[in-house]
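*Asks:* Using my numbering, the first residue of the sequence shown is number 530, and each one after it goes up by one.
Heads up, the beta-carbon is just placed ideally off N, CA and C, and yes, glycines get one too.
Please read these numbers as outputs of a predicted model, since none were measured by experiment.
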Amino acid sequence: MENKPGRMSCYYIDSTNPILIEVGPSNSFPYLISSLESLGINEVKRSAMTHLHLDHIGGIGHLVEKYKEHFVYIHELGLKHLPNPEKLWKAVSEVYTEEWLSTNWGEIKPTPINNLRSLKDKELIDLGNGRKLEAIYGPGHAKHHYTFYDEYSKTLFMGDTLGLIYPHGNFVQPNLPPPDFNKEVLFNTLDELYTLDLKYVALAHFGIHKNPYQLIINAKENIELWIDFVTKLPNLSINEATESLKIWLSENYRILGVDEDTINNYINNGNFKMQIQGIKKYLHID
Ligand SMILES: [Zn+2]
């Protein structure tokens with residue numbers, strides 16, 4: 530994603546009835562196809578999207594164009610927006626700007642309604658040989674968010690529900706965008722997911738991690754710390770608040786013993802302005 534490695538994970542469950550999870554942004558679509566082809570996969574019949582943010586679904590129009598008869602499982606709002614994505618594009622542009630979006634993620638092509646299937650909470654998607662993928666509705670990061678649980682491998686495909694973990698995997702950086710972030714709703718979702726029998730969590734940003742319960746606890750702790758930080762900020766402009774958050778985080782990461790390269794990776798690749806906006810909206814102080 531954004532021509533950088535280690536930023537966006539898409540997953541392919543290679544069961545007898547396979548499925549792709551996430552497509553990634555429009556500009557990353559060639560990377561997805563070359564990855565699939567490097568695994569000998571030349572046809573993908575179906576996919577499931579965690580939520581409607583453009584870094585997850587931006588390439589969806591390319592996907593249904595490339596693979597004839599391909600269909601996509603998605604929250605029902607997807608059926609409303611994806612055939613005519615202009616409104617979605619406009620809403621996202623207000624957070625990222627149109628120029629940034631076009632350059633980094635790329636424009637979104639319309640997806641015909643016939644290629645879309647809406648999900649229901651606890652719906653079981655057949656993976657073949659009795660294996661099932663459970664779609665679990667989980668708002669908090671976004672109101673249109675599903676996670677996908679594969680009981681066979683005890684893997685939970687998290688989307689953005691947990692937060693961000695760039696490679697190293699020891700702690701979670703919250704991902705709390707406006708307009709939907711809501712702490713209580715997100716914690717309810719995380720508490721429900723905590724009750725599953727888990728071996729792995731598979732994140733969108735980034736990779737598969739082996740310590741699911743520890744990471745869920747860590748995500749909740751860090752969300753509390755970030756909200757507390759923003760609550761106590763003096764009356765700063767959005768840019769000043771963003772800089773304060775970055776400085777505070779860098780210091781915290783150093784205290785945790787994180788190396789400078791990893792700190793720079795986090796600080797340069799997080800959209801901290803958006804995080805401040807998301808928290809302030811949740812706190813009704815925007
Ligand atoms: Zn998201």
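Could you pull the start and end residues of the beta strand (DSSP E) that Met-687 belongs to?
*Replies:* Segment 684-688, the beta strand (DSSP E) holding Met-687.
*Asks:* Three or more C-beta pairs closer than 8 Å, one from the stretch 792-799 and one from the stretch 770-779: is that the case here?
*Replies:* Counting Cβ pairs under 8 Å, three or more are found: they touch.
*Asks:* With DSSP collapsed to three states, give me the class of Asp-790.
*Replies:* Note: Asp-790 maps to helix in three-state DSSP.
*Asks:* Using a 10 Å radius around the Cβ and a threshold of 16 neighbouring Cβ atoms, would you call Ser-766 buried or exposed?
*Replies:* So Ser-766 ends up on the exposed side.
*Asks:* Can you tell me which of the three DSSP states Val-593 falls into?
*Replies:* Val-593: helix per DSSP, three-state reduction.
*Asks:* Could you give the DSSP three-state label for Asp-757: helix, strand or coil?
*Replies:* Three-state result, Asp-757: helix.
*Asks:* What beta strand (DSSP E) runs, 3 residues minimum, are completely inside the stretch 556-642?
*Replies:* DSSP runs (the beta strand (DSSP E)) wholly in the stretch 556-642: 575-577 and 600-603.
*Asks:* To the nearest angstrom, how far is it from the Cα of His-673 to the Cα of His-604?
*Replies:* So the two alpha carbons sit approximately 6 Å from each other.
*Asks:* Within 7 Å: the Cβ of Ala-671 and any heavy atom of ligand 1?
*Replies:* Ala-671 Cβ: within cutoff of ligand 1.
*Asks:* Let me confirm a value: Pro-668 is counted as buried when at least 16 other C-beta atoms fall within 10 Å, else exposed. Which label applies?
*Replies:* Label assigned to Pro-668: buried.
*Asks:* State the Cα-Cα distance for the pair Glu-677 and His-670, rounded to the nearest angstrom.
*Replies:* According to the sequence as given, residue 677 is Phe; it is not Glu. Answer to the nearest angstrom: the Cα atoms are 15 Å apart.
*Asks:* Ordered along the chain, which non-local residues of its own chain (more than five positions away) have a Cβ less than 7 Å from that of Ser-557?
*Replies:* Contacts found: Met-530, Met-537 and Gly-588.
*Asks:* Measuring alpha carbon to alpha carbon, tell me which of Gly-569, Pro-559, Tyr-625 and Leu-565 ends up nearest His-582.
*Replies:* Per the Cα distances, Tyr-625.
*Asks:* Thinking just about the alpha-carbon of each residue, which of Ile-814, Gly-692 and Val-601 is nearest to the one in Lys-749?
*Replies:* It is Gly-692 whose Cα lies nearest to the Cα of Lys-749.
*Asks:* Given a threshold of 16 other Cβ atoms within 10 Å of its Cβ, counted over all protein chains shown, does Thr-771 qualify as buried or as exposed?
*Replies:* So Thr-771 ends up on the buried side.
*Asks:* Under DSSP, the beta strand (DSSP E) around Glu-663 begins and ends at which residues?
*Replies:* Where Glu-663 is concerned, the enclosing beta strand (DSSP E) stretches over 660-666.
*Asks:* Helix, strand or coil: how does DSSP classify Gly-553 here?
*Replies:* The answer is coil: DSSP assigns Gly-553 none of H, G, I, E or B.
*Asks:* Could you check whether Leu-656 and Ile-548 sit closer than 8 Å to each other, using their CB atoms as the reference points?
*Replies:* Taking 8 Å as the Cβ cut-off, Ile-548 and Leu-656 qualify as a contacting pair.
*Asks:* Mind the definition here: the stretch 637-648 touches the stretch 601-620 only if three or more C-beta pairs lie below 8 Å; say whether that holds.
*Replies:* Output reads yes: the stretch 601-620 touches the stretch 637-648.
*Asks:* At what residues does the alpha helix (DSSP H) containing Ala-731 begin and finish?
*Replies:* No alpha helix (DSSP H) holds Ala-731; the beta strand (DSSP E) holding it covers 729-732.
*Asks:* In whole angstroms, what separates the C-alpha of Asn-571 from that of Val-601?
*Replies:* Those two C-alpha atoms are separated by around 17 Å.
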